[in-house]
Amino acid sequence: MVDLRREAGYPLSAPLLKELGAIEEQGGKAILLLNRRGVAPALHCRACGTTLRCPLCDVALVLHREGSLRCHHCGHEERAPQACPACGSVELARIGAGTQRLERELATQLPKLVPIRLDADTAQNPEALAAALRRFGETDRAVLLGTQMVAKGHHFSGVSLAAVIDADTALGVPDFRADERTFQLLTQLAGRSGRDAPGRVLIQTFQPDSRPVELASRHDVPRFLTRELERRRELGYPPFRHLVRVLVSGPEPGPVTRALEEVRDGMQGAEILGPAPLFRLRGRHRAQLVAKTDEPRRVAARAGQLLAAAAPAMRKAGLTAVVDVDPQSL
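Written as structure tokens, this is what we have:
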């Protein structure tokens with residue numbers, strides 16, 4: 023594990039450069055994971071590694087342009103602080119590098135290595151994906167770098183290093199499953215290294231003490247599951263309760279929020295979070311409310327009835343709505 027609070031040179035720390043330098047000198051292959059897909063801008067402290075989180079939902083707060091931090095689950099909002107509330111440091115920033123920057127850094131610092139980038143830009147169709155994977159398998163001193171697709175379902179001989187550039191990226195996603203997905207991604211990537219020869223796994227992180235990172239580094243699946251289930255029981259998340267999400271989108275933010283407020287006011291017997299704004303998608307404003315309930319069918323049916331009653335007004339305002347039971351992401 024590499025503690026990025028104490029190591030300079032992000033995204034290529036000195037320990038990672040040393041491991042890659044050995045491959046450049048002796049031959050072999052490496053896989054580097056930099057998961058930037060679908061990530062909302064969370065605010066991190068570079069000094070202590072803290073990610074600012076919602077006090078009600080235990081998910082990362084999202085940094086907006088106007089300087090506010092918002093929870094996309096319950097709508098909690100606060101001003102972005104000038105200093106870290108945990109340690110007092112003023113080193114607060116969005117962190118993370120893109121795959122293109124990482125590719126440039128490799129070319130500059132380790133010119134004998136062959137970087138092969140695998141992300142949504144370079145693998146837009148199955149043929150391009152297959153070509154990139156084939157090139158990696160056939161090339162000595164190759165480095166496969168990219169998003170989560172590099173961690174799943176691929177077997178290559180000669181991979182002696184698997185590294186995560188920034189394990190905190192997924193922790194910053196405003197979703198209660200962020201810890202689970204971080205742990206899963208890290209353990210999946212670790213399985214790519216050393217399948218047919220001794221291999222190394224290196225995790226770079228600003229939060230070495232975070233539960234998913236620390237337990238993934240030890241591949242301690244039982245302890246992670248135990249603690250994650252305890253957390254979800256306390257907060258009323260699946261599998262102990264069900265979630266019903268109502269998402270409304272439209273050309274203007276005001277009608278979107280008002281439609282969800284009417285749905286919220288008409289729902290009974292459920293713990294309601296929101297309405298909370300989401301990022302615009304394809305030019306449309308979006309917001310959601312989330313109900314925690316033990317009766318998902320009844321709550322979803324009631325939400326559907328309320329939306330149906332409001333359908334004429336919603337159509338006039340150009341609104342669309344979706345009701346989703348136990349969504350895979352929020």
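First residue of the sequence shown: 23, per my numbering; consecutive thereafter.
For each residue, glycine too, the CB sits at the ideal point set by N, CA and C.
Secondary structure of residue i, DSSP reduced to three states
{"i": "residue 327", "result": "helix"}
{"i": "residue 271", "result": "strand"}
{"i": "residue 197", "result": "coil"}
{"i": "residue 121", "result": "helix"}
{"i": "residue 90", "result": "strand"}
{"i": "residue 346", "result": "strand"}
{"i": "residue 188", "result": "coil"}
{"i": "residue 287", "result": "helix"}
{"i": "residue 100", "result": "strand"}
{"i": "residue 338", "result": "helix"}
{"i": "residue 157", "result": "helix"}
{"i": "residue 130", "result": "helix"}
{"i": "residue 60", "result": "Caution applies to residue 60, whose pLDDT of 33 falls short of 50 and renders its modelled position unreliable; the value that the coordinates give is listed next. Coil."}
{"i": "residue 75", "result": "strand"}
{"i": "residue 172", "result": "helix"}
{"i": "residue 83", "result": "coil"}
{"i": "residue 278", "result": "helix"}
{"i": "residue 112", "result": "coil"}
{"i": "residue 207", "result": "helix"}
{"i": "residue 150", "result": "helix"}
{"i": "residue 332", "result": "coil"}
{"i": "residue 30", "result": "coil"}
{"i": "residue 164", "result": "strand"}
Run of the alpha helix (DSSP H) containing residue i, from where it starts to where it stops
{"i": "residue 248", "result": "243 to 257"}
{"i": "residue 237", "result": "233 to 239"}
Cβ neighbours of residue i in the same chain (closer than 6 Å, five flanking residues each side left out)
{"i": "residue 28", "result": "none"}
{"i": "residue 346", "result": "267"}
{"i": "residue 50", "result": "180 and 182"}
{"i": "residue 100", "result": "91"}
{"i": "residue 308", "result": "271 and 300"}
{"i": "residue 82", "result": "64, 73, 75, 194 and 196"}
{"i": "residue 239", "result": "23 and 225"}
{"i": "residue 318", "result": "264, 266 and 347"}
{"i": "residue 230", "result": "23 and 25"}
{"i": "residue 344", "result": "269"}
Cβ separation of residue i and residue j, assumed to be a contact under 8 Å, to the nearest whole Å
{"i": "residue 303", "j": "residue 310", "result": "No, residue 303 and residue 310 are not in contact; Cβ-Cβ is about 12 Å, not under 8 Å."}
{"i": "residue 79", "j": "residue 198", "result": "7 Å"}
{"i": "residue 273", "j": "residue 306", "result": "6 Å"}
{"i": "residue 167", "j": "residue 139", "result": "6 Å"}
{"i": "residue 265", "j": "residue 312", "result": "6 Å"}
{"i": "residue 252", "j": "residue 201", "result": "Contact flag wrong, Cβ pair sits at about 12 Å."}
Residues of its chain near residue i, where Cβ-Cβ distance is below 7 Å and the 5 sequence neighbours each way are ignored
{"i": "residue 106", "result": "67, 69, 70, 72 and 114"}
{"i": "residue 255", "result": "262"}
{"i": "residue 144", "result": "150 and 154"}
{"i": "residue 285", "result": "268, 311, 325, 328 and 329"}
{"i": "residue 222", "result": "41, 182, 183 and 215"}
Close beta carbons around residue i, own chain, < 8 Å, minus the five adjacent residues each side
{"i": "residue 59", "result": "Note on residue 59: pLDDT 41, under 50, position unreliable in the model; no value is reported."}
{"i": "residue 24", "result": "35, 37, 38, 224, 225, 226 and 227"}
{"i": "residue 316", "result": "263 and 264"}
Extent of the continuous beta strand (DSSP E) to which residue i belongs
{"i": "residue 296", "result": "293 to 303"}
{"i": "residue 226", "result": "222 to 227"}
{"i": "residue 313", "result": "306 to 315"}
{"i": "residue 140", "result": "136 to 140"}
{"i": "residue 43", "result": "Careful: residue 43 lies outside any beta strand (DSSP E), inside the alpha helix (DSSP H) at 36 to 48."}
{"i": "residue 52", "result": "51 to 55"}
(message) Below 8 Å, how does it come out for the segment 95 to 110 and the segment 205 to 213: are there three or more Cβ pairs, yes or no?
(response) no
(message) Does the segment 30 to 49 come into contact with the segment 178 to 188, if we say contact requires no fewer than three beta-carbon pairs (one atom in each stretch) closer than 8 Å?
(response) yes
(request) Examine the Cβ distances between the segment 257 to 265 and the segment 335 to 343 and report whether three or more of them are shorter than 8 Å. (result) no
(request) Report yes or no: do three or more beta-carbon pairs, one from the segment 279 to 299 and one from the segment 242 to 250, lie closer than 8 Å? (result) no
(message) For the pair the segment 159 to 169 and the segment 39 to 50, tell me if three or more CB-CB distances fall below 8 Å.
(response) yes
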